[in-house]
Amino acid sequence: MSELLTIDDISVTYGNIKALRNVSMHVNQGDIVCLIGANGSGKSTLLKAIVGQEPLVNGSITFDGEEICQTRGANGKGKKHKILTTDIIASRGIALVPEGRRVFSQMTVEENLDMGAFMVRDKALINERKEAMYDFFPILGARRRQKTRSLSGGEQQMMAIARALMSGPRMILLDEPGLGLAPLVIADIFEKIDLINKQDNVTVFLVEQNARMALKASTEGYVMENGKIVLHDASASLLENEKVRAAYLGE
Ligand SMILES: Nc1ncnc2c1ncn2[C@@H]1O[C@H](COP(=O)(O)OP(=O)(O)OP(=O)(O)O)[C@@H](O)[C@H]1O
Ligand SMILES: [Mg+2]
Numbered sequence: 038m039s040e041l042l043t044i045d046d047i048s049v050t051y052g053n054i055k056a057l058r059n060v061s062m063h064v065n066q067g068d069i070v071c072l073i074g075a076n077g078s079g080k081s082t083l084l085k086a087i088v089g090q091e092p093l094v095n096g097s098i099t100f101d102g103e104e105i106c107q108t109r110g111a112n113g114k115g116k117k118h119k120i121l122t123t124d125i126i127a128s129r130g131i132a133l134v135p136e137g138r139r140v141f142s143q144m145t146v147e148e149n150l151d152m153g154a155f156m157v158r159d160k161a162l163i164n165e166r167k168e169a170m171y172d173f174f175p176i177l178g179a180r181r182r183q184k185t186r187s188l189s190g191g192e193q194q195m196m197a198i199a200r201a202l203m204s205g206p207r208m209i210l211l212d213e214p215g216l217g218l219a220p221l222v223i224a225d226i227f228e229k230i231d232l233i234n235k236q237d238n239v240t241v242f243l244v245e246q247n248a249r250m251a252l253k254a255s256t257e258g259y260v261m262e263n264g265k266i267v268l269h270d271a272s273a274s275l276l277e278n279e280k281v282r283a284a285y286l287g288e
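Okay, so the sequence shown: first residue is 38 according to the working numbering, each after it adds one.
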C-alpha cells in the first residue's frame, strides 16, 4: 500500500512549550489510522500542522508525493516556510473536521455545507454533493433549512463531517469526533466514518481520547505522550498491549 501522508521529524512550539517533538508517522492510502493520547499530549497540534495552521520548527510533511510543509534551512532553525497555504492544502484533498466541531451555529445546515465547498466552483457538483450528504445523513436532509444551533451535539458532529466531505477530499482528519457525545451516538458516528472509508475510499486519520473506540475502528494506531510518538502498531495489537491497556483503556 502506498503512503498518502508522510510526516517526517516535525516539531511545533508555542512559545516555550514544545507541543510536538520530532514526530514521524505515516498514513497509507485507503486506511483508517488513529492517534490516541492524553489531554494536552499534542494531538490537535499535529492535525493543525498537517493543514498548515501551525508552523513547523523542523521537519516536513508530504501528501501524495508532494511536500506541503517544510522548514526553512537545513539546520531546522528559523521560521517555517509554508509551501502551500491552508486553502491550497484543502484543495489538494485534505479536510479537517476540527475539535469541538466549529460549526457556524447561526447558519443553516445547507449554508454550512456550502461553506465546506468554498473551493469548488462547479455549482452542479456542489448540489450533487449536498444531495449525497442528505442521503448519507438523512437527519441533515430533514434539517437542511434549520439553524445549526438547533441541532443536537451528535447531529452537529455529523454536519461537521459532511461539511468536510463537501470539498471532495481524499483524506479526512477527525479531531475527537466522539467528544461529549453519548456512547450510542458515538457508535453511529464511527459507523459513518467506516462507510466513508470503505464506500467512498476516503483515507481517515482519527484522533480520539476514547482509545477503545478509536483502536477498534482503525487498522493502525499511534500513541502520543508529551508531544512524542511513543508507540506505533497494528490497532489489534495495541488493544492487547499492556501499557496501552493500563494507561488508555482503564484496565
Ligand atoms: N494556541 C496555543 N498556545 C499555547 N499553547 C498551546 C496552544 N495550543 C495548544 N497549546 C499547548 O500545547 C500542548 C498540546 O496541545 P494540543 O491541543 O495539541 O493537545 P491535545 O492532545 O489535542 O489535547 P486535548 O486532548 O485536550 O484536545 C498543550 O500543552 C497545550 O496546552
Ligand atoms: Mg485536542
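For glycine and all other residues, C-beta sits at the position ideal for the given N, C-alpha and C.
- With a minimum length of 3 residues, the unbroken runs of beta strand (DSSP E) contained wholly in the region 42-87 fall at 54-65 and 69-74.
- Excluding residues up to 5 positions away in sequence, PHE173, PHE174, MET195 and ILE198 lie with their Cβ nearer than 8 Å to the Cβ of LYS229 in the same chain.
- According to DSSP, residue pairing for LEU268 in a beta bridge involves VAL260.
- For GLN194, the Cβ stays outside the 8 Å cut-off from all heavy atoms of ligand 1.
- LEU83 is not a Cβ neighbour of VAL134, given a cutoff of 9 Å.
- Cβ atoms of SER78 and MET250 stay farther apart than 8 Å, at about 17 Å.
- Pairing ASP231 with ILE69 gives a Cβ-Cβ distance under 9 Å.
- A distance filter of 7 Å between CB atoms and the heavy atoms of ligand 2 selects the following residues in sequence order: LYS80, SER81, GLU136, ASP212, GLU213 and VAL244.
- With a cut-off of 8 Å on Cβ pairs, the region 46-60 is in contact with the region 84-91, counting three or more such pairs.
- In this structure, DSSP gives SER97 an extended state, which the three-state scheme calls strand.
- Look at the beta carbons and you see the region 149-165 not touching the region 94-103: under three pairs across the two are nearer than 8 Å.
- MET208 carries a strand assignment under DSSP once its states are collapsed to helix, strand and coil.
- In the displayed model, GLU40 falls within a strand according to three-state DSSP.
- Here the region 60-68 makes contact with the region 41-49; the two share three or more CB pairs at distances below 8 Å.
- The beta carbon of ASP270 is closer than 8 Å to those of GLU257, GLY258 and ASN278 in its chain, skipping five residues each way along the sequence.
- For ASN247, the CB contacts under 6 Å within the same chain, skipping 5 residues up- and downstream, are GLY215 in chain order.
- Bridge pairing for LYS160: absent [DSSP].
- Counting the other CB atoms within 10 Å of its CB gives TYR285 a total of 16 or more, which places it among the buried residues.
- In this structure, DSSP gives LEU218 a state outside helix and strand, which the three-state scheme calls coil.
- Counting along the chain, VAL239 sits inside no beta strand (DSSP E), nor does DSSP assign it H or E at all.
- Counting only the Cα atoms, SER255 lies some 11 Å from VAL244.
- The three-state reading of DSSP puts ALA199 in helix, counting H, G and I together.
- Taking VAL140 as the centre and dropping the five residues before and after it, the same chain places the C-beta of ASN149, THR185, GLN193, MET196 and ALA197 closer than 7 Å to its C-beta, in chain order.
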